[in-house]
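K.L.:
Quick note: the sequence shown uses the working numbering, first residue 73, plus one each step. We treat Cβ as the ideally placed atom computed from N, Cα and C, and that holds for glycine. All of these numbers come straight from a predicted model, not from anything done at the bench.
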Amino acid sequence: MTSSDPTRATDRRLAVETWIVLGLSLGASGVYAVVSLIRKATLPGGIEGQTATLNASRDNREVFDFVYQVLGIGFALVPVALALYLLSLDPVKERVSERLGLDRHHLRFDVLWGMALAAVIGLPGLGLYGIGRLLGITAQIIPAPDIAYWWTVPVLILAALQNAILEEVIVIGYLMTRLTQRGWGTAATIVAAAALRGSYHLYQGVGPGIGNFVMGLVFGYWFHRTKRVMPLVIAHTILDVVAFVGYLLLADRLGLK
């Protein structure tokens, strides 16, 4: 055995582990999103004539709709628990929450920067959506269900938080950490994470895929410089809450339905 064998074995283990985690979570979503994009592009009217519903009703009976929504949110976070557990097995002294910047030691910093990042990403994002619709490369996005119950807004907020935790912990915290451990350079790591983020948004069209890729570059660079995921979770939550709840409250007034 050569002295490099343990290093190669570790690299192989991390590679396999990473593929498994992604295959159980956002990597699988990326594959489905690509297939969905091809399907939309080949339908009459192309991508422009299709819709992408983000938080559709799960059942025509209220109680089961609620149960399915809550179960979906809960089970979607299982890959996050897996990723954090696997990172906790690394031979390092720091806790996972501290390594990824998910602790509460810098709450003011996290909240202020989370709000700032939401503004930086959100406003251009609206512009990209409008341009994408004009160019015919973005589907009509429907962020909230047609039927609203007393619990719809709280569930939409929970869905926004779930999306933020899932994406930022897996794509930024877990994936970027693992790629760095495998010897990837900073630029390659950030681009790979951004490409994954863009891929699983392609079911909304090419425009959102590009927009989320750019968002991924910004978020990836932020994590590289600060080693904190919490501001990204906060920013992502704000963006989704505004999109989901805002659409629910304003769609009728603005003639979006």
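Report the three-state DSSP secondary structure of Ala124 (helix, strand or coil).
P.N.:
Position 52 of the sequence shown holds residue 124. If DSSP states are grouped into helix, strand and coil, Ala124 belongs with the strands.
K.L.:
What is the DSSP secondary structure of Ile237, reduced to helix, strand or coil?
P.N.:
The residue given as residue 237 occupies position 165 in the sequence shown. The answer is helix: DSSP assigns Ile237 an H, G or I state.
K.L.:
Would you please state the rounded distance, in angstroms, between the beta carbons of Arg130 and Tyr140? I believe it to be under 8 Å.
P.N.:
Here the question's residue 130 lines up with position 58 in the sequence shown. Here the question's residue 140 lines up with position 68 in the sequence shown. Right, their Cβ atoms sit about 3 Å apart.
K.L.:
Tell whether a beta-carbon distance below 7 Å holds between Thr123 and Gln212.
P.N.:
Counting from one through the sequence shown, the residue named residue 123 turns up at place 51. Counting from one through the sequence shown, the residue named residue 212 turns up at place 140. A contact, by the Cβ cut-off of 7 Å.
K.L.:
Using C-beta distances below 7 Å, list every residue in its chain close to Leu228, excluding the 5 sequence neighbours before and after it, in chain order.
P.N.:
As a working mapping, residue 228 is identified with position 156 in the sequence shown. Closer than 7 Å at the Cβ level, and outside the excluded window around Leu228, lie Asn127, Ala216, Phe316, Val317 and Leu320.
K.L.:
Check whether the region 282-300 touches the region 196-208, taking contact to mean three or more Cβ pairs, one atom from each stretch, closer than 8 Å.
P.N.:
yes
K.L.:
Give the secondary structure of Thr210 by DSSP, where H, G and I count as helix, E and B as strand, and everything else as coil.
P.N.:
Taking the sequence shown and counting its residues from 1, the one referred to as residue 210 is at position 138. Correct three-state label for Thr210: strand.
K.L.:
What do you reckon, are the CB atoms on Ala105 and Tyr246 nearer than 7 Å?
P.N.:
In the sequence shown, residue 105 corresponds to position 33, counting from 1. In the sequence shown, residue 246 corresponds to position 174, counting from 1. For Ala105 and Tyr246, no; Cβs fall outside 7 Å.
K.L.:
If you draw a straight line from the alpha carbon of His296 to that of Thr258, how long is it in whole angstroms?
P.N.:
Start at 1 with the first residue of the sequence shown, and residue 296 comes out as number 224. Start at 1 with the first residue of the sequence shown, and residue 258 comes out as number 186. Answer to the nearest angstrom: the Cα atoms are 8 Å apart.
K.L.:
Please classify Leu277: does DSSP put it in a helix, a strand, or coil?
P.N.:
The residue you call residue 277 lines up with position 205 of the sequence shown. The displayed chain sequence assigns Gly, not Leu, to residue 277. Here Gly277 sits in strand by DSSP.
K.L.:
May I ask you to report which of helix, strand or coil DSSP gives Asn132?
P.N.:
Within the sequence shown, numbered from 1, the residue matching residue 132 stands at position 60. In this structure, DSSP gives Asn132 a state outside helix and strand, which the three-state scheme calls coil.
K.L.:
Round the Cβ separation of Val301 and Leu172 to the nearest angstrom and send it over; I've been treating them as touching at under 8 Å.
P.N.:
Locating residue 301 in the sequence shown gives position 229, counting from the first residue. Locating residue 172 in the sequence shown gives position 100, counting from the first residue. Indeed, because the Cβ distance is near 5 Å, the residues count as touching under 8 Å.
K.L.:
Which same chain residues end up closer than 7 Å to Leu251 when comparing Cβ atoms and leaving out the 5 residues on each side of it in sequence?
P.N.:
Position 179 of the sequence shown, counting from 1, holds the residue named residue 251. The residues are Thr261 and Ala264.
K.L.:
By the 10 Å Cβ neighbour count, where 16 or more other Cβ atoms means buried, how is His177 classified, buried or exposed?
P.N.:
Within the sequence shown, the letter at position 105 stands for residue 177. So His177 ends up on the exposed side.
K.L.:
Quick check on the burial criterion: 16 or more other C-beta atoms within 10 angstroms. Buried or exposed for Ile91?
P.N.:
Counting from 1 along the sequence shown, the entry for residue 91 is found at position 19. A small fix is needed here, since residue 91 is Trp in this sequence, not Ile. Per the 10 Å Cβ criterion, exposed.
K.L.:
Contact criterion: CB-CB distance below 7 Å. Does Gly144 meet it with respect to chain B?
P.N.:
Chain labels in this structure do not include chain B; a single protein chain is all it has.
K.L.:
How about Val168 and Leu159: do their beta carbons lie closer than 7 Å?
P.N.:
Within the sequence shown, residue 168 is the residue found at index 96, counting from 1. Within the sequence shown, residue 159 is the residue found at index 87, counting from 1. Inclusion of Val168 and Leu159 in the CB contact set at 7 Å is warranted, their separation being smaller than that value.
K.L.:
If we call anything under 7 Å between Cβ atoms a contact, is Ala307 one with Ala190?
P.N.:
As a first step, residue 307 is located in the sequence shown; it is residue number 235 there, counting from the start. As a first step, residue 190 is located in the sequence shown; it is residue number 118 there, counting from the start. A contact, by the Cβ cut-off of 7 Å.
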